[in-house]
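Q: Got a structure here, written out as structure tokens. Questions coming.
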Amino acid sequence: MRYDSITEAIGNTPLVRIDPAVHGLRNIDLYAKLEMLNPFGSLKDRAAWNMVRAGLPEARERGETIVELSSGNTAKALALIAGMHGLSFKSVTNRMRIPEVKDLLLLLGAEIRELPGQSECLDPTDTDDPLTRFHQELSRPGSAHLHTDQYFNALNTDAHASGTGPEIIADLDGRAPDWFIACVGTAGSSTGVARALRAHDPAVRVVGLVGEKSDFIPGIRTLDEVQEVGIFNPATYDTIESVGADDALDGMLTLLRRCGMLAGPTGGAAYFGAVRHLRAFDAELTERRTAVFIVCDRAESYLGYVRQRRPDLLGRPPVRNSVATLTDAELRAAAVIDVADAQKWIEAQRPLVIDLRGPFAYAALHIDGSVNIVDELFEELLKGGLPFGRRQPVLLACPVGEKSVRYAALLTRMGHPDVRSLAGGIIAWRDAGAPLVRD
Numbered sequence: 012m013r014y015d016s017i018t019e020a021i022g023n024t025p026l027v028r029i030d031p032a033v034h035g036l037r038n039i040d041l042y043a044k045l046e047m048l049n050p051f052g053s054l055k056d057r058a059a060w061n062m063v064r065a066g067l068p069e070a071r072e073r074g075e076t077i078v079e080l081s082s083g084n085t086a087k088a089l090a091l092i093a094g095m096h097g098l099s100f101k102s103v104t105n106r107m108r109i110p111e112v113k114d115l116l117l118l119l120g121a122e123i124r125e126l127p128g129q130s131e132c133l134d135p136t137d138t139d140d141p142l143t144r145f146h147q148e149l150s151r152p153g154s155a156h157l158h159t160d161q162y163f164n165a166l167n168t169d170a171h172a173s174g175t176g177p178e179i180i181a182d183l184d185g186r187a188p189d190w191f192i193a194c195v196g197t198a199g200s201s202t203g204v205a206r207a208l209r210a211h212d213p214a215v216r217v218v219g220l221v222g223e224k225s226d227f228i229p230g231i232r233t234l235d236e237v238q239e240v241g242i243f244n245p246a247t248y249d250t251i252e253s254v255g256a257d258d259a260l261d262g263m264l265t266l267l268r269r270c271g272m273l274a275g276p277t278g279g280a281a282y283f284g285a286v287r288h289l290r291a292f293d294a295e296l297t298e299r300r301t302a303v304f305i306v307c308d309r310a311e312s313y314l315g316y317v318r319q320r321r322p323d324l325l326g327r328p329p330v331r332n333s334v335a336t337l338t339d340a341e342l343r344a345a346a347v348i349d350v351a352d353a354q355k356w357i358e359a360q361r362p363l364v365i366d367l368r369g370p371f372a373y374a375a376l377h378i379d380g381s382v383n384i385v386d387e388l389f390e391e392l393l394k395g396g397l398p399f400g401r402r403q404p405v406l407l408a409c410p411v412g413e414k415s416v417r418y419a420a421l422l423t424r425m426g427h428p429d430v431r432s433l434a435g436g437i438i439a440w441r442d443a444g445a446p447l448v449r450d
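For the sequence shown, our numbering begins at 12 and goes up steadily by one.
In structure tokens, the structure reads:
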């Protein structure tokens, strides 16, 4: 095949059958759509090109900067496309959580702008949030930016409704699969593919996979986070199920070592969630069925993530004092305190208040007197033991109370007698009208 432009190589990715000896399903053929083989390395190549293509001529004429609220694959694809067309690209985000992706974006010439966001997610209902205000400013007429707006842009969904979905049908000899299992990030791919498949066969069952609360899987949002995405519509999915980070890495390991697929954690989560969901139906089937999941991107960008979560996979010793080792019983036993009681406790006992959010979110608004220790750094501190005395009471706060409860459980296991998690996090504190200060 010969192309005049690398963008012509976007799409038409392989659909590969997973060996039944790997997944163990007897009556269901499971296929992986290898979106990692797009030229820029991910599923987002389709959406990025579809969102930006029509506006490129005018953007070049006006010298605009392409901008997107992204810290991942969409930013990477747009940075490459911008460079091809002599344009600048700016990635706007609250927090770059994958160092390899940040380094790659800088290598591609991208400008990275990390803005304060009170919840570390774009919350369109919060007009005081700096990240939200910036998003609104980008959307105004006369802006000097070509804003692709992946969280609300219908062209994100259309890229998959016109491309990814029909390709799956064509590769299944004109049939839609019985199940389509998709991880939900911006919701563009799952929504678009589901639309195409159901137009061909309304009986297709769509399973949406989200991250477990307080867990972080690159490219996947939790059920709470996904509510903030304009494209997301729960009616798209027959069911929505959660997948944990360890599940994602187990699935990723299977795809790597058993299937020869250089899949990242999102693809691993999709595989794990697919097999888990399908097992409930497999034994009852009397004729063969098909299911498809998407391998979104490649493993190489996530070695730091793997090193942090599962160092044993890279030949390193197990991590001491890690939240990844907590049991359900330990999490249930963690002390949680609501806003009103937390205010009384702070007034009476003067606990050390630790804000686990990123520095920009902390700078935007925080509890007066609190100390900012980003969650990843806090976990590193705990590997060496308790970073403060047992006689010092501790209140932990994060955006919505999901991460802080895990660290409270871990500190309790480590022997701290009085550590509590703020229920609902900084968002609950703000919504209750409790005082916050700004740096």
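All residues carry an ideal CB built from backbone N, CA and C; glycine is no exception.
Measure the alpha-carbon distance for Val112 versus Ala310 and round it to whole angstroms.
A: Cα to Cα, Val112 sits roughly 12 Å from Ala310.
Q: Considering Cα atoms alone, identify which of Tyr282, Asp257, Leu208 is closest to Arg269.
A: Looking at the Cα atoms, Tyr282 is the closest of the given residues.
Q: Give the range of the beta strand (DSSP E) segment to which Cys307 is assigned.
A: It is not in any beta strand (DSSP E) - Cys307 carries neither H nor E in the DSSP assignment.
Q: Would the beta-carbon of Ala408 fall within 7 Å of that of Ile384?
A: Cβ atoms of Ala408 and Ile384: not closer than 7 Å.
Q: Pick from Arg424, Ala434, Pro428, Leu421: whose alpha carbon is nearest that of Glu413?
A: That would be Ala434, whose Cα lies nearest to the Cα of Glu413.
Q: Helix, strand or coil for Val286, going by three-state DSSP, please let me know.
A: Three-state DSSP puts Val286 in a helix.
Q: Could you give the first and the last residue of the continuous beta strand (DSSP E) run that contains Ala43?
A: Its beta strand (DSSP E) spans residues 39 to 45.
Q: Going by alpha carbons, who is nearest to Ile305 out of Ile365, Thr202, Gly278?
A: Cα-wise, what sits closest to Ile305 is Gly278.
Q: Could you tell me how far apart the beta carbons of Gly199 and Ala65 are, in whole angstroms, since I believe they sit closer than 8 Å?
A: Contact flag wrong, Cβ pair sits at about 17 Å.
Q: Counting Cβ pairs closer than 8 Å, one from the region 337 to 357 and one from the region 71 to 83, do we hit at least three?
A: In short, these stretches do not touch, since the Cβ pair count stays below three.
Q: Relative to the C-alpha of Asn460, which residue among Gly94, Ala294, Ala207, Ser333 is closest?
A: Nothing about residue 460 can be read from this structure; the chain reaches only from 12 to 450.
Q: Leaving out the 5 sequence neighbours to the left and right, which residues in its chain are closer than 6 Å to Val60 when beta-carbon positions are compared?
A: With the sequence shown as reference, residue 60 is identified as Trp, and Val is not the correct amino acid for it. Thr18, Ile21, listed in sequence order.
Q: Can you round the beta-carbon distance between Thr202 and Asn164 to whole angstroms, since I take them to be within the 8 Å contact cut?
A: Their Cβ separation, rounded to whole angstroms, is 12 Å, which puts Thr202 and Asn164 out of contact at 8 Å.
Q: Tell me which residue opens and which closes the beta strand (DSSP E) that Val27 is part of.
A: Counting along the chain, the beta strand (DSSP E) containing Val27 begins and ends at 26 to 28.
Q: In whole angstroms, what separates the C-alpha of Arg441 from that of Val411?
A: Cα to Cα, Arg441 sits roughly 11 Å from Val411.
Q: Enumerated in chain order, which unbroken segments of the alpha helix (DSSP H) with a length of 4 residues or greater are wholly contained in the region 399 to 442?
A: Entirely contained in the region 399 to 442, the alpha helix (DSSP H) runs reaching 4 residues are, in chain order, 413 to 424, 436 to 442.
Q: Where do the ends of the alpha helix (DSSP H) carrying Gly199 lie?
A: Gly199 -> alpha helix (DSSP H) spans 199 to 211.
Q: Nearest-angstrom Cα distance between Val420 and Asp257?
A: With the sequence shown as reference, residue 420 is identified as Ala, and Val is not the correct amino acid for it. Rounded to the nearest angstrom, the two C-alpha atoms are 18 Å apart.
Q: Mind checking whether Val221 and Ser173 have CB atoms under 7 Å apart?
A: Contact flag unset, no.
Q: Looking at Ile109 and Pro229, is the spacing between their C-beta atoms short of 7 Å?
A: Yes. Within cutoff.
Q: Using only alpha-carbon positions, find the residue among Asp56, Val350, Arg331, Asp114 that is nearest to Gly444.
A: Checking every option, the nearest Cα to that of Gly444 belongs to Val350.
Q: How would you label Lys355, buried or exposed, when you count the other beta carbons within 10 angstroms and need 16 or more for buried?
A: Lys355 is exposed by the Cβ-count criterion.
Q: Return yes when the Cβ of Leu157 is within less than 7 Å of the Cβ of Ala88, no when it is not.
A: No, the Cβ-Cβ distance between Ala88 and Leu157 is not below 7 Å.
Q: Taking Gly219 as part of the beta strand (DSSP E), name the residues at either end of that continuous run.
A: Where Gly219 is concerned, the enclosing beta strand (DSSP E) stretches over 216 to 222.
Q: Taking Thr76 as part of the beta strand (DSSP E), name the residues at either end of that continuous run.
A: Element bounds for Thr76: 76 to 79.
Q: With a cut-off of 7 Å, does the C-beta of Ser225 fall near any C-beta of chain D?
A: The structure shown contains no chain D, having only a single protein chain.
Q: Comparing alpha-carbon positions, which option in Leu363, Ile29, Gly369, Arg206 lies nearest Arg431?
A: When each option's Cα is compared against that of Arg431, the closest is Leu363.
Q: Count the other C-beta atoms from every protein chain shown that fall within 10 angstroms of the C-beta of Leu98, then say buried if there are 16 or more, exposed otherwise.
A: When all chains shown are included, Leu98 counts as buried.
Q: In three-state DSSP terms, what is Ser130?
A: With a pLDDT of 44 at Ser130, under the threshold of 50, the modelled position of this residue cannot be trusted, and the question is left open.
Q: Please state whether the Cβ-Cβ distance between Leu26 and Leu289 is less than 7 Å.
A: Their beta carbons are not under 7 Å apart, which means Leu26 does not touch Leu289 by this criterion.
Q: Alpha carbon to alpha carbon, how far is Glu72 from Val237?
A: If you take the alpha carbons of Glu72 and Val237, they lie about 36 Å apart.
Q: Run through DSSP, which three-state label would Asn383 get?
A: Of the three classes helix, strand and coil, the one that applies to Asn383 here is strand, per DSSP.
Q: Which value, in whole angstroms, describes the spacing of the CA atoms of Pro446 and Thr233?
A: Taking the straight line from one Cα to the other gives about 28 Å.
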